[in-house]
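Residue numbers (the numbering used here), protein chains in the order written: chain L, 646 to 1233; chain R, 646 to 1233. Structure, as structure tokens:
Number of protein chains: 2
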Amino acid sequence: MQEYRAPLRDMAFVVKELLGLSRISALPGFEEASDDLFDAIQEECARFAEAVMSPLNRAGDREGARLDEGQVVTAAGFRAAYQQFVAGGWNGLTCPVEYGGQGLPNLMGAPAEEMWHAANMAFTLCPLLTRGAVEAIHTAGSPVLRQRFLPAMVSGRWTGTMNLTEPQAGSDLAALRTRAVPEGDHYRITGQKIFITYGDQDFTENIVHLVLARLPDAPPGVKGISLFVVPKFLVQEDGTLGARNDVRTVSLEHKLGIHGSPTCVLAFGDAGGAEGYLLGEAHHGLELMFIMMNAARFSVGIQGLAIAERAYQGALQYARERIQGVPVGMAERAPIQHHPDVKRMLATLKARIEACRALGYHAGEMLDRAHAEPDAAQRARAQARSDLLTPIVKGFCTEMGVWAANEALQVYGGMGYIEETGAAQYLRDARITTIYEGTTAIQANDLVGRKLLRDGGAMVADLCRDVKETLAALPPGEGAGLARMLEAAERASACLLATATAHPAQVFAAAAPYLQLMGWLTSGWLMARSAMVATAALAAGPADAAFYRAKLATARFYLEQGGAACTAACMAIVEGATALEAMDVASF
Amino acid sequence: MQEYRAPLRDMAFVVKELLGLSRISALPGFEEASDDLFDAIQEECARFAEAVMSPLNRAGDREGARLDEGQVVTAAGFRAAYQQFVAGGWNGLTCPVEYGGQGLPNLMGAPAEEMWHAANMAFTLCPLLTRGAVEAIHTAGSPVLRQRFLPAMVSGRWTGTMNLTEPQAGSDLAALRTRAVPEGDHYRITGQKIFITYGDQDFTENIVHLVLARLPDAPPGVKGISLFVVPKFLVQEDGTLGARNDVRTVSLEHKLGIHGSPTCVLAFGDAGGAEGYLLGEAHHGLELMFIMMNAARFSVGIQGLAIAERAYQGALQYARERIQGVPVGMAERAPIQHHPDVKRMLATLKARIEACRALGYHAGEMLDRAHAEPDAAQRARAQARSDLLTPIVKGFCTEMGVWAANEALQVYGGMGYIEETGAAQYLRDARITTIYEGTTAIQANDLVGRKLLRDGGAMVADLCRDVKETLAALPPGEGAGLARMLEAAERASACLLATATAHPAQVFAAAAPYLQLMGWLTSGWLMARSAMVATAALAAGPADAAFYRAKLATARFYLEQGGAACTAACMAIVEGATALEAMDVASF
């Protein structure tokens, strides 16, 4: 089991040199977010992730969480690590200052989050969910609800959860049955929720569940869903904890991976109904849930990147130590990293990871701009870009993460299949990321339905304009791969827009390949910009030349690979649609 | 956990209609292999796989094999199932008649093997290894060794193993250290072997290990390796078992999957040396081991196909039952198979599985021809094609199998991540297939180094000629995908041949994508031929029209997808090579 080392140099490159933290810290509210503060936080965060969180990753997998007389018991060490996490102030890094957070931009939060997930994904799911709940309560909560819950959740003294899924209602939330009946100033919630991450834990004295439910007068479908705050223990007016609420942990799921994270079945209202408080307007719970969901989708994208980085580090270390045979073109036995195919795997891992890092952090930057740009038009443009990027980051970075964990395992050969090596855990853990918070198909449907088609391709065209600007600025001979990606994206987008009315099923069947194409394009664009930054840095002087040369070579390789991948995706989208539609599911 | 249903219709299509079993049964030695016998065996085999082997698959995973005071204990039910397997005569289906086998062609053995692996891959590894050992002893054993070991191994009364790997010698067998010292008419073997599949079990009273070791006068490297027969119990002249040999099971590996299959560390010679018998010539053990290995590679390719089929069946069943939301273009809530993206996943699974079935069985057909064609030139051509196909079948069908198990899990959404569903086991089991019996990179190096380059591209050109013949026979407008695949294959092959001397590292870095390209081409060619067979059948009459129409639609979809995939692979091979070489592993 290898240790984790935070890739601080590349993180700093993306945040400071590629995306320009200084431009974010020029925005109102983010003045604190200086390059110096970033460096200090990064160093401290890396220390914590490497020394405290990472060593528990394997134990979390082996031991898992268990249910002991209705109470979840997490793996040894998790509880203490959580307390250290909270004591270090990490929980509130990007949370509102008014409730005790540090209010830092997502561009600074993203690398921290990457480190945590890479170090211990099962552990980090807990603060991930809490942050989403904080955002929802902060957005829509009454002053009373905010004051009652946010300070404890921002500090991490209490945690938060998302309660959406029911056995019959997964991707289809319209089917949910949990009911909420008004009673005085609150509601009584009754129903069963499944797949609740950290639905119970032994970290904190209280847990704040955000629960989707239907009011008695709710219209059918997704327009009749409301969102409720349901604490595990009721909170009294003086802030102290009162009675245990009527919510019970029924069981834990036995999962392929993330064993350290308790995935709960929760029963609300076995004893008459759990006390809950309406968040936002009645029947408008789904919009609100999407606030949490979008934050969580961004975070899960970062998670895909993180697990890829962790898996890559393990494979690289093994490839540097394991000696096997004489590599082609060499005279003596050497570490397997010198075998051409192993080098190809490692190079592809490196390139895709760096590209997804740029993409993920860029999405964080856009969240910040959408929040803080003083000019309304700029703010709206950033919001639109952020909306476009969310499904891409979630869908593309997590598919990359699963691919990377699988490819990294392959580097080890037979040793990769042995659990003690650790590579298998990364694959098992990574595998959930393309499923939860909306499967890749759900992301792709969002991208095509609500992003591409709804505005007639305007957001996508805006992105393509940015890509063209970069293309025009690239030195001659450097733009072939990016040009190919752009051409494929424009051709595929035009095809989907043209077909949407006549053949909607064809368009949505092409959504997943289209999402991958757009992921390559966006990340490829950022890698092309990275190459320009590296070229300028190399021209400016010898400092860090090895890093910049490597970045340049990596970007070139990525753009070649991306050009080929996008061409194939475009072919499959544009030409493959009728062949797919001609297949009859009844004959499968 | 869904049941397994053998896909008998498609199997019969490939064996009888596409590849033509009647042409194989026209070859000397295969006269028995009539279509009628095939039908009878298929039916019986399916019954056994579905009713006996499949129900144990989950228990094998949950319970696994364990080591109890030096003796492996397999999961409950495995031992009894093995005895039924042997009693049914299944073990010797394709084994030599003179030692009690049925001597049937591989074209008939391949579907049986697919069923067994699909039903219970961990179980079926045991007869897989035995068959390889039978082939090695049959090829190179003295009359005494053959008579002593083969009848019991062919019947399945004893099993066989392959002992290659040592901790320092995985892909690099030149590094192996196990020693064999002559003593009278036998040898004393000393050393440690790892990753020994069914290195011990409680199925049979004896186990016959084939062990690679070095003689005292062995030259260094792979040219100094000899192969020995080392039984667990010595066999006396009258055939009864004698003393326990000096081989000990040290431990079992804790693996990601195939828990039902005991993967052993074996210690030979703790008490002075295990008694072993030289197989074939001294120092020529590796060539001989490759006989076993090639048989095993073919079987593992079939395994990739098998696990894909099993995973697909589970996903399809779930997609037919699970109702979630209103699919695009429909008016009411419906099973998720009607959602365009789910349909895309299922269609792609179906197409790739059918294509790999055609490819895998075709490789079996070529093994039969290489063995039995009466004309020497025809036999040599079949042998060359078989040599070319072995790495392709192993590399392409197993990568497809891992992809399929992963994609099938995705169809379930969150339920796929829960172990009880069963989809996760298929992914965990499938994951070994791209590693053992030579990783995909090893297959790719074999394909490029020993197949493409060694004869200057002659074998590949011969295959391309066959593809062109099919292309010429396709109706107008049907050949675009296959033509694209062929063009990509010819362009990539020419590029690798032209670059080999000047840039060998570039060529071997492209080997894995090249193998995938050749897999698409070969399977695409067979799918194009399938389309022609289906078209002819539809023209001939209404019998089975739904099947043939589905086959035609599936082939068209596969050829579209394959054209895109091959184009991208060719781009990456031809244009991406220098960008990859420019990356420096020291900077990773």
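Think of the CB as a built atom: it goes at the ideal place given N, C-alpha and C, for glycine as much as any other residue. Note that the structure is a prediction, hence the values are computed from the model and not measured.
Option in the options with minimal Cα separation from residue i
i                 : options                                  : result
Glu1205 (chain R) : R:Ala1191, R:Lys1113, R:Leu1166          : R:Leu1166
Ala956 (chain R)  : R:Pro1158, R:Met1045, R:Thr739, R:Pro907 : R:Met1045
Ala1224 (chain R) : L:Gly1122, L:Asp862, L:Met1216           : L:Gly1122
Ala1179 (chain L) : L:Pro1036, L:Ala1209, L:Lys1196          : L:Lys1196
Asn751 (chain L)  : L:Thr1079, L:Gly737, L:Asp1100           : L:Gly737
Arg1201 (chain L) : L:Ala763, L:Gly1169, L:Leu950            : L:Gly1169
Glu977 (chain L)  : R:Gly866, R:Met1172, R:Glu920            : R:Gly866
Phe1192 (chain R) : R:Gln1161, R:Leu1012, R:Gly801, R:Val659 : R:Val659
Met807 (chain L)  : L:Ala1103, L:Gly1164, L:Gly777, L:Leu821 : L:Gly777
Gly805 (chain L)  : L:Arg724, L:Glu1135, L:Thr775            : L:Thr775
Thr1035 (chain L) : L:Glu695, L:Gly745, L:Ser896, L:Leu1097  : L:Leu1097
Ala1150 (chain R) : R:Ala1222, R:Gly844, R:Lys1113, R:Gly734 : R:Ala1222
Ala941 (chain L)  : L:Ala1133, L:Thr849, L:Gly1083           : L:Gly1083
Met753 (chain R)  : R:Ala720, R:Tyr832, R:Gly1005, R:Val945  : R:Gly1005
Ala1173 (chain R) : R:Pro1158, R:Ala1154, R:Ala1128          : R:Ala1128
Glu780 (chain R)  : R:Tyr744, R:Ala763, R:Arg802, R:Gly1094  : R:Tyr744
Ile968 (chain L)  : R:Ala819, R:Leu1119, R:Gly786            : R:Ala819
Arg1076 (chain L) : L:Arg711, L:Glu1064, L:Val1047, L:Asp883 : L:Val1047
Cys1042 (chain L) : L:Cys909, L:Gly946, L:Glu1226            : L:Gly946
Gly748 (chain R)  : R:Leu672, R:Ala726, R:Gly844             : R:Leu672
Chain-ordered neighbours of residue i on chain L, where CB pairs are closer than 7 Å
i                 : result
Ser1232 (chain R) : Ala1191, Ala1195
Leu1225 (chain R) : Arg989, Ala992, Phe1202
Within chain L, partners of residue i - CB distance below 9 Å
i                 : result
Ala1176 (chain R) : Correct list: empty, because the minimum Cβ distance to chain L is about 12 Å.
Ile998 (chain R)  : Those within 9 Å of Ile998 (chain R) in chain L number zero; the least Cβ separation is about 11 Å.
Thr1212 (chain R) : Ala1209, Thr1212, Ala1213, Met1216
Reduced DSSP category for residue i - H, G, I as helix; E, B as strand; rest coil
i                 : result
Phe794 (chain R)  : helix
Tyr1057 (chain L) : coil
Gln958 (chain L)  : helix
Thr835 (chain R)  : strand
Thr1212 (chain L) : helix
Thr823 (chain L)  : coil
Gly705 (chain R)  : helix
Met807 (chain L)  : strand
Gly887 (chain L)  : strand
Ala814 (chain L)  : strand
Ile1077 (chain L) : coil
Residue i: contacting residues in chain R (beta-carbon distance under 8 Å)
i                 : result
His1016 (chain L) : Ordered by position in chain R, no residue passes the 8 Å Cβ test against His1016 (chain L), which lies about 31 Å from the chain.
Thr810 (chain L)  : Gly1059
Ser1031 (chain L) : The premise fails here: Ser1031 (chain L) is roughly 24 Å from chain R at the closest Cβ pair, so nothing lies under 8 Å.
Strand pairing of residue i, partner residues [DSSP]
i                 : result
Asp713 (chain L)  : L:Gln716
Ile1063 (chain R) : L:Lys900
Cys909 (chain R)  : R:Ile841, R:Leu897
Gly921 (chain L)  : L:Tyr832
His854 (chain L)  : L:Thr806, L:Val875
Arg692 (chain L)  : Note: Arg692 (chain L) sits in no beta bridge, so no partner.
Arg859 (chain R)  : R:Arg824
Val880 (chain L)  : L:Leu886
Cross-chain neighbours of residue i in chain R, by beta carbon under 9 Å
i                : result
His899 (chain L) : Ile1063, Glu1064, Glu1065
Asp845 (chain L) : By Cβ distance, chain R contributes nothing, its closest Cβ being about 18 Å from Asp845 (chain L), past 9 Å.
Per-residue contacts from residue i into chain R (C-beta, under 7 Å)
i                 : result
His983 (chain L)  : Val1230
Pro1149 (chain L) : Val973, Gly974
Glu1220 (chain L) : Glu1205
Under 8 Å: do the region 683-699 of chain R and the region 796-814 of chain R share three or more Cβ pairs, one atom per stretch?
The region 683-699 of chain R is not in contact with the region 796-814 of chain R.
Touch check for the region 965-984 of chain R and the region 792-805 of chain R: three-plus C-beta pairs under 8 Å?
Flag = no, the region 965-984 of chain R and the region 792-805 of chain R do not touch.
Taking 8 Å as the cut-off, does the region 817-835 of chain L touch the region 853-870 of chain L (at least 3 CB pairs, one atom from each stretch)?
Yes: the two stretches touch, three or more of their Cβ pairs being nearer than 8 Å.
Does the pairing of the region 903-912 of chain R with the region 759-771 of chain R give three or more beta-carbon distances under 8 Å?
The region 759-771 of chain R and the region 903-912 of chain R touch, with three or more beta-carbon pairs separated by less than 8 Å.
Chain A contacts from the region 953-969 of chain L (Cβ-Cβ distance under 7 Å):
Of the chains in the structure shown, none is chain A; the protein chains are L and R.
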